[in-house]
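Asks:
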Amino acid sequence: MDHLLLSLFATLLLASRADEITFGQNYYFTWGFNHATVLDQGKEVQLLIDQYSGSGFASIHDYGSGFFQMRMKIPNKKSKGVLTTFYLTSKPVNQEAAYHDELDFEFTGNNSMPYTLSTNVITNGVAGREQQFQLWFDPTTDFHTYAILWNQHQIVFFVDDTPIRVFKNYSHSGVNYPSQSMHIEASIWNSTNWLGPVDWSQGPFRAFYQKFDIDGCLYRDLNPQQCYSNTPTNFWNAEKYWQLDPDQQRKYEDVSKKYMSYDYCSKYNESYLECSLNS
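Take a look at the structure:
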């Protein structure tokens, strides 16, 4: 009993410390500075977009692996044409890079339910690996947790603890796998060219972010291999995270069957080697 109480106390203590992490400890605004606001003593951030500008923020550090989470609530108005994001990228902030790695959550604005969540995996500059999902809840009315697990065995996209996408490491078969250090970015921006015109009479549009603690391995140029090791601090590298467990696999298959609306492997199977390896 004493051991159980100690374990429970340790868990609650870690959760409490995570809740105490404020925005400025791990993140900073990168653009649209007068359209970004820190709320609740640093525990929440609002990103705003109007016809003049959007806004965004990024993590202070780069990482070589991790389990990255963000709580988000996207704009609740008729927001067609507005894109709200949370992603990992190796591109320098506000710059372009030809051969970058990137893992994307992109929320497509809409005038009503359902809302589309697009995910993408970019490896060494090669994009096109898009999967889209019709969310089974309204992401505008409350906060939900979106997460990316990244280790040397798999990348998993989660929505509220439910795995919705898995990208396995098939580098031994010739498939590029994200290996560059990446930082976290988030933004709200005008995606008229992709999603159609924005009705600015409905604006401004606001997205909200919470949970600014980061479970990631700080990248060191002199020793990148340290981010692949299984240590108490790098818990996401443990063998239990090398593949989905049976319950996660069941949830993953259920979401894929019911809510996936687009899969690049269905359209471009022969262009991406991992599509045949997954089947």
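Counted the way mature numbering (1 follows the signal peptide of the UniProt record, and there is no 0) counts, the sequence shown spans residues -18 to -1, 1 to 261. Built from N, CA and C at the ideal position, the CB exists for glycine as well.
1. Check whether the segment 211 to 223 and the segment 58 to 69 touch, using three or more Cβ-Cβ pairs below 8 Å as the test.
2. State buried or exposed for Gln225, treating a residue as buried only when at least 16 other CB atoms are found within 10 Å of its CB.
3. Can you tell me the Cα-Cα spacing of Ala109 and Ala80, whole angstroms?
4. Could you tell me the distance, in whole angstroms, from the CA atom of Gln33 to the CA atom of Gln184?
5. In the structure shown, what three-state DSSP assignment does Phe194 receive?
6. Cα separation between Gly14 and Ser155?
7. Between the alpha carbons of Ala(-4) and Thr71, how many angstroms are there, rounded?
8. Tell me the rounded alpha-carbon separation between Tyr244 and Ala220.
9. Which residues mark the beginning and the end of the beta strand (DSSP E) in which Pro206 is found?
10. Just to confirm the assignment, what range does the beta strand (DSSP E) spanning Ser248 have?
11. Thinking just about the alpha-carbon of each residue, which of Phe5, Glu252, Val27 is nearest to the one in Trp170?
12. Name the one or two DSSP bridge partners that Trp176 has.
13. If you drop the 5 nearest sequence neighbours on each side, which residues of the same chain put their C-beta closer than 7 Å to that of Ile42?
14. What ranges does the beta strand (DSSP E) occupy inside the segment 11 to 77, keeping only unbroken runs of at least 3 residues that lie completely in it?
15. Using DSSP bridges, identify the partner residues of Glu88.
16. Between Asp236 and Lys62, how many whole angstroms is the CB-CB distance? I'm expecting something under 8 Å.
17. Excluding the 5 residues flanking residue 263 on each side, which residues of the same chain have their C-beta closer than 8 Å to its C-beta?
18. Nearest-angstrom Cα distance between Tyr250 and Asn102?
19. Exposed or buried, which one is Arg111 when buried takes at least 16 other CB atoms within 10 Å?
20. Of the residues Asp120, Trp218, Ile3, which one's Cα is nearest the Cα of Phe50?
21. Would you mind giving the Cβ-Cβ distance between Lys55 and Phe139, rounded to the nearest angstrom? I have them listed as a contact below 8 Å.
22. Compare the C-alpha of Glu78 against each of Asn106, Arg53, Leu29 and name the closest.
23. Leu117 and Pro145 look like a contact to me (Cβ under 8 Å); what is the Cβ gap, rounded to whole Å?
24. In whole angstroms, what is the alpha-carbon distance linking Pro206 and Ser47?
25. Comparing C-alpha positions only, which one of Asn158, His165, Arg147 sits nearest to Lys239?
26. Would a C-beta distance cut-off of 7 Å place Phe39 and Ala168 closer than the cut-off?
27. Helix, strand or coil, according to DSSP, for Pro228 in the structure here?
28. In whole angstroms, give me the CA-to-CA distance for His17 and Ser258.
29. Is it true that the CB of Asp83 sits closer than 7 Å to the CB of Pro160?
30. Does the distance from the CB of Asp44 to the CB of His135 come in under 7 Å?
Replies: This is what the structure holds:
1. no
2. What you label residue 225 is simply residue 243 of the sequence shown in a count that begins at 1. Under this definition Gln225 is an exposed residue.
3. As a position in the sequence shown, residue 109 is number 127, starting the count at 1. As a position in the sequence shown, residue 80 is number 98, starting the count at 1. Rounded to whole angstroms, Ala109 to Ala80 spans 11 Å at the Cα level.
4. Working through the sequence shown from its first residue, we reach residue 33 at position 51. Working through the sequence shown from its first residue, we reach residue 184 at position 202. Those two C-alpha atoms are separated by around 11 Å.
5. In the sequence shown, the residue the question calls residue 194 occupies position 212. The answer is coil: DSSP assigns Phe194 none of H, G, I, E or B.
6. For the purposes of this step, residue 14 is identified with residue 32 of the sequence shown, where counting begins at 1. For the purposes of this step, residue 155 is identified with residue 173 of the sequence shown, where counting begins at 1. Their Cα atoms are separated by approximately 42 Å.
7. In the sequence shown, the residue the question calls residue -4 occupies position 15. In the sequence shown, the residue the question calls residue 71 occupies position 89. In this predicted model, Ala(-4) has a pLDDT of only 48, less than 50, meaning its place in the structure is not dependable; the value taken from the coordinates is given anyway. So the alpha carbons of these two residues sit roughly 27 Å apart.
8. Position 262 of the sequence shown, counted from the start, is the residue given in the question as residue 244. Position 238 of the sequence shown, counted from the start, is the residue given in the question as residue 220. Spanning the two alpha carbons is a distance of roughly 31 Å.
9. Position 224 of the sequence shown, counted from the first residue, corresponds to residue 206. Where Pro206 is concerned, there is no enclosing beta strand (DSSP E), given that its DSSP letter is neither H nor E.
10. Here residue 248 refers to the residue found at position 266 when the sequence shown is read from its first residue. Premise fails: Ser248 lies in the alpha helix (DSSP H), 246 to 249, not in any beta strand (DSSP E).
11. Stepping through the sequence shown from its first residue, residue 170 is reached at position 188. Note that residue 170 is Ile in the sequence shown here, rather than Trp. It is Val27.
12. Within the sequence shown, residue 176 is the residue found at index 194, counting from 1. Per DSSP, none; premise fails for Trp176.
13. Residue numbering aside, residue 42 sits at position 60 when the sequence shown is read from its first letter. Answer for Ile42: Asn8, Tyr9, Tyr10, listed in chain order.
14. 18 to 21, 26 to 31, 37 to 41, 45 to 55, 64 to 71
15. Counting from one through the sequence shown, the residue named residue 88 turns up at place 106. DSSP lists Thr67, Ser100 as partners of Glu88.
16. Looking up residue 236 in the sequence shown gives position 254. Looking up residue 62 in the sequence shown gives position 80. Asp236 to Lys62, Cβ: 29 Å. No contact.
17. Nothing in the structure corresponds to residue 263, since the chain is present only between -18 and 261.
18. To locate residue 250, count along the sequence shown from 1; it is residue 268. To locate residue 102, count along the sequence shown from 1; it is residue 120. Going from the Cα of Tyr250 to the Cα of Asn102 covers about 14 Å.
19. The residue you call residue 111 lines up with position 129 of the sequence shown. Buried, because 16 or more other Cβ atoms sit within 10 Å of the Cβ of Arg111.
20. Locating residue 50 in the sequence shown gives position 68, where the first residue counts as 1. Out of Asp120, Trp218, Ile3, Trp218 has the C-alpha closest to the C-alpha of Phe50.
21. Counting from one through the sequence shown, the residue named residue 55 turns up at place 73. Counting from one through the sequence shown, the residue named residue 139 turns up at place 157. So it is not a contact: roughly 18 Å between Cβ atoms.
22. On the sequence shown, residue 78 is found 96 positions in, with the first residue counted as 1. The shortest Cα separation from Glu78 among Asn106, Arg53, Leu29 belongs to Asn106.
23. Mapped onto the sequence shown, residue 117 falls at position 135. Mapped onto the sequence shown, residue 145 falls at position 163. No, Leu117 and Pro145 are not in contact; Cβ-Cβ is about 15 Å, not under 8 Å.
24. Sequence index remark: in the sequence shown, residue 206 carries index 224 (1-based). Sequence index remark: in the sequence shown, residue 47 carries index 65 (1-based). When rounded, the distance between both Cα atoms is 10 Å.
25. Within the sequence shown, residue 239 is the residue found at index 257, counting from 1. Measuring from the Cα of Lys239, the nearest candidate turns out to be Arg147.
26. Position 57 of the sequence shown, counted from the first residue, corresponds to residue 39. Position 186 of the sequence shown, counted from the first residue, corresponds to residue 168. In this structure, Ala168 lies closer than 7 Å to Phe39 by Cβ.
27. Walking along the sequence shown from the start, residue 228 turns up at place 246. Residue state, collapsed to three classes: helix.
28. Working through the sequence shown from its first residue, we reach residue 17 at position 35. Working through the sequence shown from its first residue, we reach residue 258 at position 276. Computed Cα separation, rounded: 44 Å.
29. For the purposes of this step, residue 160 is taken as the residue at position 178 of the sequence shown. For the purposes of this step, residue 83 is taken as the residue at position 101 of the sequence shown. Contact flag set, yes.
30. As a first step, residue 44 must be located in the sequence shown, where it is residue number 62. As a first step, residue 135 must be located in the sequence shown, where it is residue number 153. Result no, Cβ atoms of Asp44 and His135 do not sit closer than 7 Å.
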